[in-house]
Amino acid sequence: MAARVCLVTGSSSGIGAAVVRHFAANGYAVVVHYHSGEDRAARLADELHRQHGAEVLAVGADLAEAGAPGLLVGQAHRHFGRLDVVVSNSGVTSIVPDAQGRPRRYRFPDTPPDHLEAELERVLDLNLLGGYRLAQAALSCMIEQAQQERSAGEEAGHRSILFVTSISDTAPDSTRIPYGVSKAALSHVVLGAALEGGPYNVTVNALRPGIVDTPMTSRPSGVVDPDSGRELTVAETYALMADGGSQPIRRIGRPEDMAQAAYAFARLSFMTGQLIAVDGGFTLASGFENRELFLREGLRRRTSQKD
Ligand SMILES: NC(=O)c1ccc[n+]([C@@H]2O[C@H](COP(=O)([O-])OP(=O)(O)OC[C@H]3O[C@@H](n4cnc5c(N)ncnc54)[C@H](OP(=O)(O)O)[C@@H]3O)[C@@H](O)[C@H]2O)c1
């Protein structure tokens, strides 16, 4: 029998790359999707084929364009003749440049109208509309496969759609409300798709990461390290906060943590319509609201460990 097939959007980088690796290592044929990272995707495709013998299709697409998600799903299905798991992972933050071309974040009430429009367009076009259209195309393709199996007198196999959303869907952070809105709205897509997919043995869930060490969090955080005078990255800042108590599991996430969760969720055939945080407990400790407190404590602990 042909290998089960998994498509992961945004698998040229970060969480998506770890997810597609995990599926390939477990015997799946995979679709590596990229936007700007054609070379990274080609290297990864080569690695997966050499290390795991996986059949790999690499496809480039800008999923913020209306027709692109449907074309991607169609291409994947035509190439392999089946599609079993679709992970909607592509996403961007709401940070856009100001009039001087510098990336700029404003607090919610202070955002100039033009800047707000640019932020909204960036995250809604890709995170929300791209994810919505992908789910719609994936669900339609999976329902058709189930109907064909039933017409042939077989049981419909289990298939799965998984969204990588974020704890920002419910945990507000004043300088990136548009990002949170794009992820929160996807939660409703999960619920609707789960309702429609269930009768055809298609489960639909969301994996909500906390802070994960990826290229997305390697950007400057605006926090200057008092010892070195160097501006910390977002990942470094949250790692210090984690040590200072912002999450009960005192480290930030690794892409592999998300990959393990994605693989597990996609294989659970009796769980659907669920929005699950994989965040080391960050949301338990209200990390965003108490950022200053946890950062101070993280810095204090670092100093005391050095002494
Ligand atoms: N890292 C975190 O702390 C964190 C926390 C919560 C949620 N998340 C979510 O996790 C997902 C993956 O993030 P990451 O941290 O792994 O970030 P990342 O390393 O920056 O990866 C983002 C992926 O999205 C793709 N992408 C960007 N623009 C695209 C477009 N227009 N069309 C199609 N694909 C596009 C990128 O492709 P190219 O590189 O090929 O351009 C890349 O593969 C995102 O949805 C993000 O919101 C991340």
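In terms of the numbering used here, the numbers along the sequence shown are unbroken and rise by one, the last being 300. For every residue, glycine included, the Cβ atom is placed at its ideal position computed from N, Cα and C. Note that the structure is predicted; figures quoted are calculated from it, not measured.
Give the secondary structure of residue i by DSSP, where H, G and I count as helix, E and B as strand, and everything else as coil.
| i | result |
| --- | --- |
| V85 | coil |
| G63 | helix |
| T168 | helix |
| P90 | strand |
| N120 | helix |
| G30 | coil |
| P96 | strand |
Over what stretch of residues does the beta strand (DSSP E) that includes residue i continue unbroken?
| i | result |
| --- | --- |
| Y27 | 22 to 27 |
| L0 | -2 to 1 |
| L50 | 49 to 53 |
| A270 | 268 to 271 |
How would you write the range of the alpha helix (DSSP H) that residue i sits in, first residue to last?
| i | result |
| --- | --- |
| S221 | S221 -> no alpha helix (DSSP H), and no H or E assigned at all. |
| G9 | 7 to 18 |
| T296 | 284 to 299 |
| M251 | 248 to 260 |
Give the list of continuous alpha helix (DSSP H) stretches no shorter than 4 residues that lie fully inside the segment 124 to 164. 124 to 144
Taking contact to mean 3 or more Cβ pairs, one atom from each stretch, closer than 8 angstroms, check whether the segment 267 to 277 and the segment 202 to 216 are in contact. yes
Secondary structure, beta strand (DSSP E): runs of 3+ residues fully inside the segment 181 to 215: 195 to 202
Spell out a yes or no on whether the segment 101 to 111 and the segment 25 to 36 are touching, meaning 3 or more CB-CB pairs, one atom from each, closer than 8 angstroms. no
Count the CB pairs spanning the segment 69 to 80 and the segment -4 to 7 that are closer than 8 angstroms, and state whether there are at least three. yes
Take every Cβ of the segment 187 to 200, pair it with every Cβ of the segment 121 to 136, and state whether three or more of those distances are shorter than 8 angstroms. yes
Using 8 angstroms as the Cβ pair cut-off and three pairs as the minimum, do the segment 170 to 184 and the segment 203 to 217 touch? no
Evaluate contact between the segment 230 to 246 and the segment 104 to 117, counting only Cβ atoms and requiring at least three cross-stretch pairs below 8 angstroms. no
Within 8 angstroms, do at least three Cβ pairs link the segment 141 to 148 to the segment 118 to 132? no
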